[in-house]
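Chains as they are written, first to last, in the numbering used here: chain G, 47 to 502; chain A, 47 to 502.
Protein chains: 2
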Amino acid sequence: MAEREIPYKIYLEESELPTSWYNMRADMKNKPAPLLNPGTLQPMQASELEAVFCEELVKQELDNDHAEIAIPQEILDFYKMYRPSPLVRAYFLEKQLDTPAKIYYKFEGNNTSGSHKLNSAIAQAYYAKKQGLKGVTTETGAGQWGTALSMACSFFGLDCKVYMVKVSYEQKPFRREVMRTYGASVTPSPSETTQIGKKILAEHPGTTGSLGCAISEAVEVAVGTEGYRYVLGSVLNQVLLHQSVIGLETKAALDKYGIKPDMIIGCAGGGSNLGGLIAPFMGEKLRGEADYRIIAVEPASCPSFTRGRYAYDFCDTGMVCPLAKMYTLGCDFIPAPNHAGGLRYHGMSSTLSQLYADGFMEATSVKQTDVFEAAEQFARVEGILPAPESSHAIRVAIDEALKCKETGEAKTIVFGLTGTGYFDMVAYEKFHDGKMSDYIPTDEELEQSWAKLPKV
Amino acid sequence: MAEREIPYKIYLEESELPTSWYNMRADMKNKPAPLLNPGTLQPMQASELEAVFCEELVKQELDNDHAEIAIPQEILDFYKMYRPSPLVRAYFLEKQLDTPAKIYYKFEGNNTSGSHKLNSAIAQAYYAKKQGLKGVTTETGAGQWGTALSMACSFFGLDCKVYMVKVSYEQKPFRREVMRTYGASVTPSPSETTQIGKKILAEHPGTTGSLGCAISEAVEVAVGTEGYRYVLGSVLNQVLLHQSVIGLETKAALDKYGIKPDMIIGCAGGGSNLGGLIAPFMGEKLRGEADYRIIAVEPASCPSFTRGRYAYDFCDTGMVCPLAKMYTLGCDFIPAPNHAGGLRYHGMSSTLSQLYADGFMEATSVKQTDVFEAAEQFARVEGILPAPESSHAIRVAIDEALKCKETGEAKTIVFGLTGTGYFDMVAYEKFHDGKMSDYIPTDEELEQSWAKLPKV
């Protein structure tokens, strides 16, 4: 097909949308390591997990066998409100970079949560409703996940209690107001509303919080409240499963125009976007049907893949959650207040960790100011003001496109533009004013954090 | 075509996008009254207007003859970055209202300006660049127009000076930061940087500003600076022309599925969205080819159509701009600080004013709290958190759908969802906290304001 026939934006028809999620684990030879009970250090059974999570989601969490899991009709209908998301050909960025590379991005920001998080939020809310629950609890970092879950809960008439990392709560008052519009309650974490929150505040007075702390608080409330369960926006297998809709749409759109990408780039915090974006491509790679470079991009301030240890660790700071085997900076690690709020998690999805350990993907880390330079450059030519998280992928996509300029190779680059930065203007302001920090943890800090890794 | 075959979102293909704007004036029997020179009270000539506006835009402003004006290729390319906007079938809202009505909305918020304003901004920046200008000046109320123009100027490498109504500047610091990301300078209005600003500040110390003040300042700077012209985001004929892309896409999408609307509803401040949305439908009505109810919705706090006088008035508070014949509350009228920031203009597009005077459209006004109730209801079922401006149209669309429920009529309602409310969370917060004012100007206030109408 002639180059010029590829539109700026590829939108699938409703009839072309995926009707099943894709579960990478079914095609992995080395399955991700199981979650362990923090008391017994034995693999968590479904019955144990069901105290914390919805039953159907526990099934999905533990399912290493089924490659395709049908998406319920109610979720398909909700998806149609804001999906398909466009696969955009970055013609203007290519022109500005003067590169022979062809750049595409899958843009997940065209919904009120401002990111891909809604894909899993609506699924988790649906299963909670189906189970007859009253409500759910969760944590949120930058606020996208909390907003997404608020929207999903409002849609199904569920109560929604959100613990929001304190630094984000303070930097993003408007995020709180959006959640309130959807009827959620929002508490800055750590808080005095939980035992674990009180303990963390006593040990670290003045802490700005972390996802790890907020998870502990949300879990404590879910387990202690009748008719409630806890839901999580990243890291877990079930979340990557739901997010596979991103990759499935991306692949369908590329296939429609006969395009085969050379590399797929995504930002990585807990792994929800990256795991979803790469899913069907990784599937082909796992089955030996095709090869792609797959690149995870993380902030240098929170470098779990590139500098973390592959070990069992707690998923939360309070050490009440199961242990997961993952690349980790230590569950006590609290990153310097950088602005890629959603990428501040100390660990990384077990599934992605296994794939990385097995050499199926690469990882790289980038500095904050370099990320915001790329963000601003992108905003000015492609129109969309990107989320700081997404801009990590933009940075590396631009760098790869510039390498193509040097070598003259017309590679096809696909990256995930996970969301918009409309609620991140405090960070942009710091960048404009030259007040952004590029702090990177020292080896000593990481060693100190790893000293507390559980002995498994 | 069977009802169920109409997708949630109708996206046109690139090949189906309009390549010309539609100029309603060509089909109007009674043309809009000409702009008058504020000194001589004679119709403004092109040569006079060119001191303020770009040459090509002056041509468009004065063109009452050509129904179709080709969209330049550079603008078509830019449009492809964020257009087509979706025409959404509000299945979930219909279900919640339990109405037989079929509700569609044209959603213009999927771009970083957050509204339809980008449609005209990119056109005006293009013509400024083509004329070899260094930059442009403008005013902005709620901030959408300033953001849109910043994006457009950044794209063409033009300087952009924005005068932002002070109340919005203070309520929306993040809007300023978005504009800064695109390289614009933003000054709160009234300011000490202009003669007229100093005069207004002296006469009304502590004023929160108005679009009328900000226009005066921006015009003063444009006229007094070499290589600059002034651009305006609403009211003018040229702006309605550019915005016709909204209505043309809407009509093409409806025609594709054989849908004929019974009524078209749009919010109205200066008229840019409404004039664009209704353009091709009004064209059919003017030519006697079809009939539609066309409804303008304005805030009760700034009711130019429903309580204004149809008279010649100044377009700005400083009385430096040409006179336009329009429905007006008086150029000195400063609405109570309500939150429909973009609908605070004292007058109304001359074209729409003539159409309203000739009975081709209806108008209604709604109270702020009723508007925010509709906004929240809409957000919760349709997912999109709407701009306060847009929510005026939502309010009336819901009311009309509820009337259908009473009568059992399955009418087809189309409304314009002009943008998102992500930068309006201060207003939502006031609404949630019960601190929103429903102030409506008294007859005495309006009489006082009209006393200053120019004698033409």
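Here a beta-carbon is modelled for each residue, glycine too, at the ideal position from N, C-alpha and C. Nothing here was measured: the structure is a model prediction, and the numbers come from that model.
message = Against S200 of chain G, what residues of chain A qualify as contacts under a CB-to-CB distance less than 9 Å, listed in chain order?
response = Residues of chain A passing the Cβ test: A425, R426 and V427.
ask   = Taking just the CA atoms, how far does V291 of chain A sit from A497 of chain A?
value = Rounded to the nearest angstrom, the two C-alpha atoms are 38 Å apart.
request  = Kindly identify the DSSP beta-bridge partner or partners of L463 of chain G.
outcome  = For L463 of chain G, which the question treats as bridged, DSSP gives the partners G:F153.
Backbone secondary structure at P345 of chain A - three-state DSSP = DSSP places P345 of chain A in strand when its eight states are reduced to three.
ask   = Cβ of M127 of chain G less than 8 Å from any chain A Cβ?
value = Chain A contact via Cβ: present.
task = Take the Cβ of Q119 of chain G as the centre, count every other Cβ of all protein chains shown within 10 Å, and call the residue buried at 16 or more, exposed below.
result = Around the beta carbon of Q119 of chain G, fewer than 16 other beta carbons sit within 10 angstroms, so the residue counts as exposed.
task = Determine the direct distance from the alpha carbon of F99 of chain A to that of Q284 of chain A, and round the result to whole angstroms.
result = Each residue's alpha carbon lies about 11 Å from the other.
ask   = How would you write the range of the beta strand (DSSP E) that G321 of chain A sits in, first residue to last?
value = Per DSSP, G321 of chain A belongs to no beta strand (DSSP E); it is in the alpha helix (DSSP H), S318 to L332.
query = Since V224 of chain A meets chain G, which of its residues come closer than 7 Å, beta carbon to beta carbon?
reply = The contacting residues are L431 and M471.
Given P434 of chain G as reference, the closest of G:K77, G:A314, G:G393 and G:Y276 once Cα atoms are compared = Taking each of G:K77, G:A314, G:G393 and G:Y276 in turn and checking the Cα distance to P434 of chain G, the smallest one comes out for G:A314.
key: Chain-ordered residues of the segment 473 to 490 of chain G with a beta carbon less than 8 Å from chain A   = Result list: Y474, E475 and H478.
task = Determine which residues of the segment 149 to 161 of chain A have a Cβ less than 7 Å from any Cβ of chain G, and write them out in chain order.
result = Here the close residues are N156, N157 and T158.
message = For a quick check, are the C-beta atoms of S436 of chain G and F418 of chain G less than 8 Å apart?
response = Not a contact, by the Cβ cut-off of 8 Å.
task = Spell out whether any CB of chain A is found under 8 Å from the CB atom of M197 of chain G.
result = Residue contact check for M197 of chain G against chain A: a CB pair falls below 8 Å.
query = Does the beta carbon of T65 of chain A sit closer than 8 Å to a beta carbon anywhere in chain G?
reply = False, the Cβ-Cβ gap to chain G never drops below 8 Å.
ask   = Can you tell which of A:Q400, A:V224 and A:P236 has its C-alpha closest to the C-alpha of K476 of chain G?
value = Of the listed residues, the one whose Cα sits closest to K476 of chain G is A:V224.
query = Which of helix, strand or coil does DSSP assign to T352 of chain A?
reply = For T352 of chain A, the secondary structure class from DSSP, reduced to helix, strand or coil, is helix.
key: Under 8 Å between C-beta atoms of I310 of chain G and V460 of chain G   = Using a Cβ distance threshold of 8 Å, I310 of chain G and V460 of chain G count as a contacting pair.
ask   = What are the boundary residues of the beta strand (DSSP E) that includes R135 of chain G?
value = Note, R135 of chain G: beta strand (DSSP E), L133 to R135.
query = Going straight from the alpha carbon of F138 of chain G to that of I246 of chain G, what length do you get?
reply = Per the coordinates, the alpha-carbon of F138 of chain G lies some 48 Å from the alpha-carbon of I246 of chain G.
query = In chain order, what residues of the same chain have a beta carbon less than 6 Å from the beta carbon of N39 of chain A, not counting five sequence neighbours either side?
reply = In the structure displayed, chain A extends from 47 to 502; residue 39 of chain A sits before or after that span and is not available.
Short Cβ contact (8 Å threshold) for Y402 of chain A with F327 of chain A = Cβ atoms of Y402 of chain A and F327 of chain A: not closer than 8 Å.
message = I'd like to confirm the pairing. Which residues does DSSP put opposite K371 of chain A in its beta bridges?
response = Note: K371 of chain A is bridge-paired with A:Y358 in the DSSP secondary-structure output.
Distance, M394 of chain G Cα to I115 of chain G Cα = Rounded to whole angstroms, I115 of chain G to M394 of chain G spans 23 Å at the Cα level.
key: Cβ-based burial, L448 of chain A [other Cβ within 10 Å; buried from 16]   = By the neighbour-count rule (16 or more Cβ atoms within 10 Å), L448 of chain A is not buried but exposed.
request  = Output yes or no for whether 8 Å exceeds the beta carbon distance between E62 of chain G and A325 of chain G.
outcome  = The answer is no: Cβ separation not under 8 Å.
request  = With a 10 Å radius around its C-beta and 16 neighbouring C-beta atoms as the bar for buried, classify D470 of chain G as buried or exposed.
outcome  = With 16 or more Cβ atoms within 10 Å of its Cβ, D470 of chain G is classed as buried.
task = Name the one or two DSSP bridge partners that S483 of chain A has.
result = For S483 of chain A, which the question treats as bridged, DSSP gives no partner whatsoever.
beta-carbon D111 of chain G near the ligand SAH non-hydrogen atom, thresh 7 Å = Judged by which ligands are present, the structure shown has none, so any question about the ligand SAH falls away.
Rounded distance between the beta-carbons of A409 of chain G and K148 of chain G, thought under 8 Å = 24 Å between Cβ atoms; not a contact.
ask   = Can you give the Cα-Cα distance for A167 of chain A and G279 of chain A, rounded to whole angstroms?
value = For A167 of chain A and G279 of chain A, the distance between alpha carbons rounds to 7 Å.
message = Mapping the DSSP letters down to three states, classify S280 of chain G as helix, strand or coil.
response = Residue state, collapsed to three classes: coil.
ask   = With distances taken from CA atoms, which of A:T488, A:A370 and A:P487 is nearest K501 of chain A?
value = Among A:T488, A:A370 and A:P487, the Cα nearest to that of K501 of chain A is on A:A370.
message = By the DSSP assignment, the beta strand (DSSP E) with E435 of chain A in it spans what residues?
response = Counted as a single uninterrupted DSSP element, the stretch harbouring E435 of chain A is not any beta strand (DSSP E) but the alpha helix (DSSP H) occupying residues P434 to T453.
task = Quick one: residues in its chain with C-beta nearer than 8 Å to the C-beta of T145 of chain A, no 5 flanking neighbours on either side, listed in chain order?
result = Correct list, in chain order: A447, L448, C450 and K451.
request  = Consult DSSP for C206 of chain A and reduce its assignment to one of helix, strand or coil.
outcome  = Three-state result, C206 of chain A: strand.
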